[in-house]
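Residue numbers (the numbering used here): -15 to 1066. Idealized CB from N, CA, C, for every residue including glycine. Written below as C-alpha cells is the structure these notes are about.
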C-alpha cells in the first residue's frame, strides 16, 4: 500500500475526525494533480462537517477520480455519505437511517453544519452550506446558503438537478442501508434509475411521456371501439324500424283526412245550434208579454192582503201585552202565598222553642236529684273510712319505692353498659362494611385486569383460568402473568414499569419448579392448544439484587427511586424481573433529571438506562474509542397498570374482616345477656309499680272521697243556678205569635188585590182574542183566493224562466260550439275561417250524418293499418340524429388517434433506439466485467408482449457465478448476499463510462464478498474509475485486502478516530511526511 498516495483524515478532538490536504480546487485555479479539468462539472471538491453524527469538526478534500474512504465500523464513514445526501437537498428517507434531519446532529449539541464545495468549470466553485437546528420533540429546521448567500431549499434543489446530481437514484448514490434495496429493484425501477443516471437528458422525460401517451392511446382505442360498436348498434336498430315507419306515414295520411272531416263537424253543429237559439228566443218574448198582463190584474188583491196582515199583527201584539200583565200579577199572588207559609212556620218555631225549654227544665231537675243521691253515698263511704291505719300503708309504700329505685339504678347501669356495647357493635359493623367495600374495589380491579388480558391475549387468559382450577397438579407455585400479579405502588409510576418490562413478559407465567414448568408447557401445548409464555425462577436470592449505590447518592440529579421500588409482586417474579431487566439498577427521575441529562451521562456513564419524567434514555459506549451515544425514547401511554391492585392489602383485609366478625359475634352475645338481665329487672319493676299503685290508691281513697264530695256539692249548686222561668218564656212566645198573625193579615189583603187585577186583565184578553180570530179568518180566506190566482201566475213565471234559461243555454251552446270549431281549426276568436279550410270544407259533406259516415270510412281504413307506438317513431328520429352525431364524433376521434399514434411512433423511435444502444453498451461493459471475474453476466432490455405498454419496459440483469448453472435474473432470492454485491458494483461500473452524473457513491459494497471476488472487484473499480474521462467515485469500506494495486489518480482517505487524536487544526501533513522521511533515512 502506497502511503504517499493516501490522505489521512486526522481527528481534531474526541469523537471528531478531519483532514488537511492541498489547496482547494477552484474553477480555473491549480488542481491537486495540476489539471483543473480532471474534475467534472458538479464533482465534490471539499467536504466540511461540524457536529454531524460522530464528527465534532472535520474538513477534507476529495480527488477527481476514485476516492476510497476506509476506516473501522463506527468511525464515521457512513456519516460522510449521509452528509453528502443531506447537503445536496436529499431526503432522509433515501438514507434509510432516520426520519428527521435533527437525528443527524451530533449528540449533545443542538446545531450541525454541512458544507459541500462542488466544482464549477466556468468560475468560482459552488459552495452549498446547510445548517440543521434541533428543536423540541426532535423537530428540526434547516437554513441554506449558496456561495455565502442565503437561499431556500427549492433553489438548492434546482442547482442540484441542473448539475445532474441524483442522490435519490440508487444507480448513482447507494448508501449502506440501501445496498440490499438495489437487488430488490424491479426491472422497471432499474430502467428509470439507469435512464436518469446515464441516459441522454431527454430519454427519461420521453419515456415518461410515452407512458402517458401510451395510456392515452389505449384510452382512445377503447373509446373508438366503444363508439364503433355503439354506431353499429344504432344503425341496426333503425334498420329494423323502417317498415314500421312506412306504415306509420301511410296511416298518418288517412288520419289527416279524418282530422279535416272532424274539424268540419263542429261548424255544422254550430249552424244547427244557432237556429235552435233563434227559435227559443221568439218563444220567450211571447210568454213574457202574457206574464206582464196577469201581474197587472193581481195587484189590488195584494193590497187588501197587506191591510189584513197588518191588523192581525197589531192584535197579536195586544194579546202578548195582556198575557205579560196577567203573568206579573199572578207572580205577586204567588209571592204573597209564600210569605203566608213562612209566617206559619215562624209560629211553629216559637211553639217548638218553648217545648224544648220545658224539656231542658225537666232534665235539670232529674240531674239535681241524681247529684243529691251520689253526694249521700259518698258521705256514707267517707264515714266508714274514718278508722283505717294510715301509718302501716305509708311504711309499705316506702319499702316498695326503695326497691323500685334500686331496680331503676340497676336498669340504668345495664342500659349504659348496653349502649357502650351497642356503639362498639355499630363501629365493628362499619369497619367490616368498609373493609368489604375496599376488598370489592380491589377485586374489581383484578377483574378489570383479567378482562383486559382476555381482550388482548385470549390464550393467556384461558391459561390463567385453567391454572386457577388446577393448581393442585403442581408441586410448587406457578405465578400468574405480571399483568395480574404485579402491583404498581402509585398509578403515575406505571409508565416507567411498562416501559422497562416488555409486553410479552407481562404475559409470562413464572414457575418455581422446573418439573412444573415442563408439565405446564406440555399441558398448554398438547392438551389445551394454547400459545403462552412461561419461565423458570432464577436461582439467585432476591437479596443479591441490589443497586450499585443507594438512590440518595444520585438524588441531586433529580432521581427519586429505582424501578424495582415502584412496584410489588411475588418474590419469585421479582427475581425473574431483576435478572431479565435489571430493575434494581435503573433509576427514575423527574423533570429535574430531564434538565440534567448531559450531566448524568457525563458523571455516571455506568448508567445504561435511566428515566426522566417522560423519556427513557439508553446509553451505549463505543468499543473502538469509548465514545458514548444515547437514544431517547418517549414513554408510551399506560396500558396495564393505570390502576394498581394491592394483593398484600387484599390479604390483610380478608384477615381483618375475619377478626372483626369474630369480635362482633362475641360482642353480640354479651349484648344479648344484658338484654335478658334488663328484661328480668323490668318485669320485677312493673310488679312493684302495681303494688305501689294499689297501696297509694288505698292511702289516697279518703282524700279522694272528700274531694269527690266537694265536687258533687259544687255541681249541685251549679245545677240549681241553671233553673228556667217557664212563665216568662210563655209570655214571650205569645207576644211573638201575635206579631206574626198581624203580618199574615197584611199579606192576605195584598194577595186579594192582585187576584182581582188578574181577573180583569183576563176578560180584556178574551175580547182581543175574538178580534184577532176574526182578522185571521178574513186573512185566510183572502190568502186562499190569492193562492189560486198566484199558482197560475207562478206557473207562468216559471215557464218564462224556463224559456229564458233555454235561450241562455242555446246561446251558450252555440257560442261554445263556435269556440270549439275555431279551436279545432286554429282560428282566432275574432278571425274568419282560413280560405284553405273553407275550400277543404266545401269538398266535405254538408250534413252531419253524411260527415260522420265519411269520418267512419276513413278511420276504418286507418285502423286497418297496424298502429305503431309513437314513442317508436320518436326513437327512430332521435336515433337518426344520434347516428349523425356519433359518426361526426367518430371521425374526429379517428383523426385524433392517427395524430397521437404518429406522435407516439416518432417519440418511440427517439426513445427506444437510443435506449437499445445504451443497454447494449451497458451489456458490453457488464459482460466484460463479469468475464474478467471468471463469471458470466448480461444486461438486456425487457420488452413486454404489448410493445405499447411503455410502463412495463425494464432492465433485466442476468448473472451466472458457476459453470454448471444457467444465467439467472438478479433477484433478492436467487443469489447470495456477496453475489448480489458483486452484481451491484459491476452494474454501477458498467455505467461509469456512460455516466453523465458528476459523482457516484457506494457504501460498503464489499460486505459479504469472498476475498477473491473482493480483490477482482477492487481492481476492476480502479481500472474503470481511474480512467481520464471517468467521473468521480466514492467507495466506502471498513477494510482493504493486502497487496492491492493502486494508481496515481486515486485517493485513499483513512478515517482515524479515538479519544487521543490530534486536532485537525494542529495537523500538518507535509511536516509529518518530512519527519517520516527523516526517520526512514536514518
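| Check | Outcome |
| --- | --- |
| Excluding the 5 residues flanking residue -8 on each side, which residues of the same chain have their C-beta closer than 6 Å to its C-beta? | Per-residue confidence for residue -8 stands at a pLDDT of 34, beneath the threshold of 50, marking its modelled position as unreliable; the derived number appears in the next sentence. Closer than 6 Å at Cβ, skipping near neighbours: 1038. |
| If you run the structure through DSSP and keep just helix, strand and coil, what is residue 638? | helix |
| Among residues of its own chain, excluding the 5 on either side of residue 299, which ones have a beta-carbon nearer than 7 Å to its beta-carbon? | 752, 755, 756, 759 |
| Under a three-way DSSP split, which group does residue 1077 fall into? | Any answer about residue 1077 is impossible in this case: the structure gives the chain only from -15 up to 1066. |
| Our contact map puts residue 599 next to residue 619 with C-beta atoms below 8 Å; I'd like the distance itself, whole angstroms only. | 7 Å |
| Can the beta-carbon of residue 898 be found closer than 8 Å to that of residue 143? | no |
| Mind checking which residues open and close the beta strand (DSSP E) that includes residue 129? | 124 to 130 |
| Taking just the CA atoms, how far does residue 545 sit from residue 565? | 16 Å |
| Which of the three DSSP states is assigned to residue 24 in this structure? | coil |
| To test your reading of the DSSP string, which unbroken beta strand (DSSP E) runs of 3 or more residues are found completely within the segment 495 to 581? | 517 to 520, 543 to 546, 571 to 573 |
| In whole angstroms, what is the alpha-carbon distance linking residue 441 and residue 518? | 14 Å |
| Mind reading off the beta-carbon distance from residue 938 to residue 170? Whole number of angstroms is fine, and I expect it under 8 Å. | 7 Å |
| Does the pairing of the segment 33 to 41 with the segment 92 to 99 give three or more beta-carbon distances under 8 Å? | yes |
| Under 7 Å Cβ to Cβ from residue 254, same chain only, skipping five residues before and after it: list those, please. | 798, 801, 802, 805 |
| Does the separation of the CB atoms of residue 53 and residue 88 fall below 8 Å? | no |
| Counting C-beta neighbours from all protein chains within 10 Å, is the total for residue 573 16 or more, i.e. buried, or is it exposed? | buried |
| Going by DSSP, what residues sit across from residue 618 in a beta bridge? | 599 |
| So, helix, strand or coil for residue 921, using DSSP? | strand |
| Is residue 1056 helix, strand or coil when you go by DSSP? | helix |
| Locate the beta strand (DSSP E) running through residue 101, then write down its first and last residues. | 95 to 102 |
| Who are residue 39's beta bridge partners in DSSP? | 36 |
| Taking the C-alpha atoms as reference points, what is the distance between residue 15 and residue 1051? | With a pLDDT of only 37 at residue 15, under the threshold of 50, the placement of this residue in the model should not be trusted, and no figure is reported. |
| With a 10 Å radius around its C-beta and 16 neighbouring C-beta atoms as the bar for buried, classify residue 649 as buried or exposed. | exposed |
| With distances taken from CA atoms, which of 246, 580, 322, 391 is nearest residue 667? | 391 |
| Along the chain, where does the beta strand (DSSP E) containing residue 134 start, and where does it finish? | 133 to 135 |
| Since residue 708 and residue 346 are thought to touch, with beta carbons under 8 Å apart, how far apart are those beta carbons, to the nearest angstrom? | With a Cβ gap of about 10 Å, residue 708 and residue 346 do not count as contacting. |
| Mind checking which residues open and close the alpha helix (DSSP H) that includes residue 927? | Here residue 927 belongs to no alpha helix (DSSP H), and DSSP marks it neither H nor E. |
| Report the rounded CA-to-CA distance for residue 704 versus residue 323, giving the unit in angstroms. | 42 Å |
| Among 127, 30, 67, 146, which has the Cα closest to the Cα of residue 101? | 30 |
| Is the separation between the beta-carbon of residue 941 and that of residue 954 shorter than 8 Å? | yes |
| Is residue 113 helix, strand or coil when you go by DSSP? | strand |
| Any idea if residue 637 is buried or exposed, counting beta-carbon neighbours within 10 angstroms, 16 or more meaning buried? | buried |
| Could you tell me the alpha carbon to alpha carbon distance between residue 472 and residue 451, rounded to whole angstroms? | 24 Å |
| Near residue 219, which residues of its chain fall below 8 Å by C-beta distance, leaving aside the five closest residues on each side in sequence? | 867 |
| Run through DSSP, which three-state label would residue 45 get? | strand |
| Are the CB atoms of residue 697 and residue 359 nearer to each other than 8 Å? | yes |
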